[in-house]
Amino acid sequence: MIMSSYRKTFIVLLTASLFLSGCFSRMITRPTVAIQEIHVTGLSLTGATLTFLVELENPNGFGLTVTAFTYSVYLNDRPVAQGEATEPISIPRRSVTPISLPLKTTFQDLEKGLKSLIGFDTVEYRIQGSLAVRSFLGRLEFPYSRTGTIDLKHQRSFSPPSGNAS
Numbered sequence: 004m005i006m007s008s009y010r011k012t013f014i015v016l017l018t019a020s021l022f023l024s025g026c027f028s029r030m031i032t033r034p035t036v037a038i039q040e041i042h043v044t045g046l047s048l049t050g051a052t053l054t055f056l057v058e059l060e061n062p063n064g065f066g067l068t069v070t071a072f073t074y075s076v077y078l079n080d081r082p083v084a085q086g087e088a089t090e091p092i093s094i095p096r097r098s099v100t101p102i103s104l105p106l107k108t109t110f111q112d113l114e115k116g117l118k119s120l121i122g123f124d125t126v127e128y129r130i131q132g133s134l135a136v137r138s139f140l141g142r143l144e145f146p147y148s149r150t151g152t153i154d155l156k157h158q159r160s161f162s163p164p165s166g167n168a169s
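Sequence positions in the sequence shown follow my numbering and run 4 to 169.
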């Protein structure tokens, strides 16, 4: 009889905690990622280091800590590079935090992407990955994807124009 009472209590508490965690996870609005600029910051015999200047926006009424930020870069749907930032990034409530993301790529990978540009006046780019956020619910992951077009005829720098985000 006592065992059955403990079992019922356990089931009620488990159900309540699952319900509440589902409600709380919907209370967190997805942070957004905006690419501001892309710079070549290093060259070696085998590749290059690019730095992406990114803005992370936290629309929530409470601060967030990003614990991991993964990213992959594509030019005309060809993979060029990928990376991950694992240093914690604090984003205060209702604010935008600029960060720099280093991206190492080989000339072999860059060549694949650059070959896809030959003969074209524009290039489609896509940057996608995920943000891992520490919250009172534990670790939450938010996928993101940013796409756009760069006009190669009139583009003098690597500052991407506004694109679509999701």
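Think of the CB as a built atom: it goes at the ideal place given N, C-alpha and C, for glycine as much as any other residue.
Along the beta strand (DSSP E) that carries R129, what are the first and last residues, could you check?
By one-based count along the sequence shown, residue 129 stands at place 126. Counting along the chain, the beta strand (DSSP E) containing R129 begins and ends at 125–138.
Can you find the residues in the same chain that come closer than 7 Å, C-beta to C-beta, to R137, ignoring five residues on each side of it along the sequence?
Walking along the sequence shown from the start, residue 137 turns up at place 134. Closer than 7 Å at Cβ, skipping near neighbours: T68, T70.
Got a sec, what are the start and stop residues for the beta strand (DSSP E) I102 sits in?
Locating residue 102 in the sequence shown gives position 99, where the first residue counts as 1. Unbroken beta strand (DSSP E) run through I102: 98–109.
Would you be able to state if there are at least three C-beta pairs under 8 Å between the stretch 143–153 and the stretch 100–108?
no
Considering just the uninterrupted stretch of the beta strand (DSSP E) at E144, what are its terminal residues?
Reading the sequence shown from its first residue, position 141 is the one you call residue 144. That run of the beta strand (DSSP E) goes 141–154.
Helix, strand or coil for T35 per DSSP?
Position 32 of the sequence shown holds residue 35. Strand, per DSSP.
Residue range of the unbroken beta strand (DSSP E) whose run includes N61
Within the sequence shown, residue 61 is the residue found at index 58, counting from 1. 50–61 is the span of the beta strand (DSSP E), which, as asked, contains N61.
Reducing DSSP to helix, strand and coil, say where T89 ends up.
The residue labelled residue 89 in the question sits at position 86 within the sequence shown. Three-state DSSP puts T89 in coil, outside helix and strand.
DSSP three-state call for S47: helix, strand or coil?
In the sequence shown, residue 47 corresponds to position 44, counting from 1. Coil.
Rounded to whole angstroms, what's the CA-CA distance from G64 to G132? Just pull it up for me.
Your numbering for residue 64 matches position 61 in the sequence shown. Your numbering for residue 132 matches position 129 in the sequence shown. Taking the straight line from one Cα to the other gives about 24 Å.
Considering only DSSP beta bridges, list what P82 is partnered with.
In the sequence shown, the residue the question calls residue 82 occupies position 79. Looking at the DSSP assignment, P82 forms a beta bridge with Y77.
Let me make sure I understand the geometry here. Which of L56, T73, A135 has the alpha-carbon closest to that of T44?
For the purposes of this step, residue 44 is taken as the residue at position 41 of the sequence shown. It is L56.
What does a CB cutoff of less than 8 Å around R97 pick up in its chain, not counting 5 residues either side in sequence?
Here residue 97 is taken as the residue at index 94 of the sequence shown, counted from 1. Closer than 8 Å at Cβ, skipping near neighbours: N61, P62, N63, G64.
Under 8 Å, do L59 and T100 count as touching if we go by C-beta distance?
Indexing the sequence shown from 1 puts residue 59 at position 56. Indexing the sequence shown from 1 puts residue 100 at position 97. Cβ atoms of L59 and T100: closer than 8 Å.
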